[in-house]
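Engineer: Shown below is the structure under consideration.
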Amino acid sequence: MDLLDPNGYGYLPEQYHRSHDMCEFLVGQLEAFLTEEPYKGLRHFEVDINPEAVPIDDEYTLDYLLRADMKDKHDELVRLHTVYGLLSDSCYFLREALDASRKRRLTVSFALLRKPFIYNMPVLLRLYLDEEFLEHFNNREDFDASKLPKQDLLDLIEASLPMLFSMQDMSRGEIYDILFNKEEHGSLINWSNKALHPATTHHWASLTGAKNLNFMFSTLDDIDKQWEYFYRRLPFLLTYLLECTEQIVFDLLQLNPALYTERLEERAAFFISQGKGGQNA
Numbered sequence: 001m002d003l004l005d006p007n008g009y010g011y012l013p014e015q016y017h018r019s020h021d022m023c024e025f026l027v028g029q030l031e032a033f034l035t036e037e038p039y040k041g042l043r044h045f046e047v048d049i050n051p052e053a054v055p056i057d058d059e060y061t062l063d064y065l066l067r068a069d070m071k072d073k074h075d076e077l078v079r080l081h082t083v084y085g086l087l088s089d090s091c092y093f094l095r096e097a098l099d100a101s102r103k104r105r106l107t108v109s110f111a112l113l114r115k116p117f118i119y120n121m122p123v124l125l126r127l128y129l130d131e132e133f134l135e136h137f138n139n140r141e142d143f144d145a146s147k148l149p150k151q152d153l154l155d156l157i158e159a160s161l162p163m164l165f166s167m168q169d170m171s172r173g174e175i176y177d178i179l180f181n182k183e184e185h186g187s188l189i190n191w192s193n194k195a196l197h198p199a200t201t202h203h204w205a206s207l208t209g210a211k212n213l214n215f216m217f218s219t220l221d222d223i224d225k226q227w228e229y230f231y232r233r234l235p236f237l238l239t240y241l242l243e244c245t246e247q248i249v250f251d252l253l254q255l256n257p258a259l260y261t262e263r264l265e266e267r268a269a270f271f272i273s274q275g276k277g278g279q280n281a
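Okay, structure coming up:
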């Protein structure tokens, strides 16, 4: 226990405690993919050595798999390793964002949310849903894995909708607006732009305004509005990321569906204990 913060919430007002706990729980379910035994296939990979093409000393594993004519194993390893890397990176940022929120450092929180949702999540979805992604990822030096035009983002979100369990009423347009739409004042990309830049002038929806710098002169009322947005949107964003990730991991590792049911039951039990049945965007 932190003697300076015995309740664990820092400066966070009580009305946001349950939403904060929900976010912590959802991040914990993401972290389970990185640490728990049933998902070890993301971080441990085995392959039978071809006796006619044994590894050379210090040979990079992926190079060996291609040399040994095991491209399927090569691509499988790339997928698993990339999923693990994206998840671990995203969880680091999400944990720090929640910690910064408790400390009333909202500009840090919003800046940290950008990488997991604006950059990492499209890569994760493309890796699983786009048949051409891996070929470009493996072979093109100029390939930007996270950069997509609007229509491609909309199509990617559309392809992800069948992966969702509790958000089946959401449309691709609604999810796009919440995350990526620079025309929407309340989109995450606009809020994170403001957190990262002292002034934003490229679009009316995120204008800094005269005699102002983004987030730097926030009053207590401003901070409360930032908290309200943070804890209204983050449970939704985490649920979207989590439900997509579950489908990806369970499919790639060919896991027992009973384990997925256990995760859903754990989630439902937590929401019931918190007096919440879910979270709207």
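Residue numbers (the UniProt record's numbering): 1 to 281.
Glycine is no exception: its CB is placed at the ideal position from the N, C-alpha and C atoms.
A quick note: this is a predicted structure, and the numbers were derived from the prediction, not measured.
(1) Considering just the uninterrupted stretch of the alpha helix (DSSP H) at His81, what are its terminal residues?
(2) Cα separation between Asn256 and Ile223?
(3) Residues in its own chain within less than 7 Å of Cys23 by CB, not counting five upstream and five downstream?
(4) Whole angstroms are fine: how far does the CA of Lys115 sit from the CA of Leu220?
(5) Whose C-beta lies closer than 6 Å to the C-beta of Arg126 among residues of the same chain, with five residues either side of it excluded?
(6) Where does Val123 land, buried or exposed, given buried means 16+ other C-beta within 10 angstroms?
(7) Taking the straight line between their C-alpha atoms, what separation do you get for Arg232 and Asp72?
(8) Closest by CA to Ser160, which one among Ile175, Tyr64 and Ser146?
(9) What's the C-alpha gap between residue 283 and Ser88?
(10) Would you tell me roughly how many angstroms separate the C-alpha atoms of Glu141 and Asn120, rounded to the nearest one?
(11) Determine, using beta carbons only, whether Leu179 and Leu188 come nearer to each other than 8 Å.
(12) Use the C-beta contact count for His74: other C-beta atoms within 10 angstroms, 16 or more gives buried, fewer gives exposed.
(13) What is the DSSP secondary structure of His44, reduced to helix, strand or coil?
(14) If contact is defined by three or more beta carbon pairs under 8 Å, each pair taking one atom from either stretch, is the stretch 39-51 in contact with the stretch 261-269?
(15) Counting Cβ pairs closer than 8 Å, one from the stretch 244-260 and one from the stretch 25-43, do we hit at least three?
(16) Considering just the uninterrupted stretch of the alpha helix (DSSP H) at Tyr16, what are its terminal residues?
(17) According to DSSP, simplified to helix, strand and coil, what is Leu148?
(18) Determine the extent of the alpha helix (DSSP H) in which Pro235 is found, giving its start and end residues.
Structural biologist: On the basis of the supplied data:
(1) If you number the sequence shown from 1, residue 81 lands on position 81. Segment Lys71 to Arg102, the alpha helix (DSSP H) holding His81.
(2) Within the sequence shown, residue 256 is the residue found at index 256, counting from 1. Within the sequence shown, residue 223 is the residue found at index 223, counting from 1. Between the C-alpha atoms of Asn256 and Ile223 there is a straight-line separation of about 44 Å.
(3) Counted from its first residue, the sequence shown places residue 23 at position 23. So the list reads Leu98, Leu234, Pro235 and Leu238, once near-sequence residues are dropped.
(4) For the purposes of this step, residue 220 is taken as the residue at position 220 of the sequence shown. For the purposes of this step, residue 115 is taken as the residue at position 115 of the sequence shown. One C-alpha to the other measures close to 27 Å.
(5) Locating residue 126 in the sequence shown gives position 126, counting from the first residue. If we look at Arg126 and ignore the five residues flanking it on each side, its Cβ neighbours are Phe133.
(6) Residue 123 sits at position 123 when you count from the first residue of the sequence shown. Buried is the call here.
(7) To locate residue 232, count along the sequence shown from 1; it is residue 232. To locate residue 72, count along the sequence shown from 1; it is residue 72. So the two alpha carbons sit approximately 42 Å from each other.
(8) Translated into positions along the sequence shown, residue 160 becomes position 160. Sorting Ile175, Tyr64 and Ser146 by C-alpha distance to the C-alpha of Ser160 places Ile175 at the top.
(9) Residue 283 lies beyond the stretch modelled for the chain, which goes from 1 to 281, so this question has no answer here.
(10) The residue labelled residue 141 in the question sits at position 141 within the sequence shown. The residue labelled residue 120 in the question sits at position 120 within the sequence shown. In a straight line, the C-alpha of Glu141 is about 19 Å away from that of Asn120.
(11) Here residue 179 refers to the residue found at position 179 of the sequence shown. Here residue 188 refers to the residue found at position 188 of the sequence shown. Cβ distance < 8 Å, so Leu179 and Leu188 count as in contact.
(12) Taking the sequence shown and counting its residues from 1, one reaches residue 74 at position 74. Around the C-beta of His74, 16 or more other C-beta atoms lie within 10 Å, and the residue is accordingly described as buried.
(13) Translated into positions along the sequence shown, residue 44 becomes position 44. Coil.
(14) For the pair of segments examined, the stretch 261-269 was found not to touch the stretch 39-51: the number of CB pairs separated by less than 8 Å stays below three.
(15) With a cut-off of 8 Å on Cβ pairs, the stretch 244-260 is in contact with the stretch 25-43, counting three or more such pairs.
(16) Translated into positions along the sequence shown, residue 16 becomes position 16. Premise fails: Tyr16 is in no alpha helix (DSSP H) and is neither H nor E.
(17) To locate residue 148, count along the sequence shown from 1; it is residue 148. Assigned with DSSP and collapsed to three states, Leu148 falls in coil, not helix or strand.
(18) Taking the sequence shown and counting its residues from 1, one reaches residue 235 at position 235. From DSSP, the alpha helix (DSSP H) with Pro235 extends over Leu220 to Leu253.
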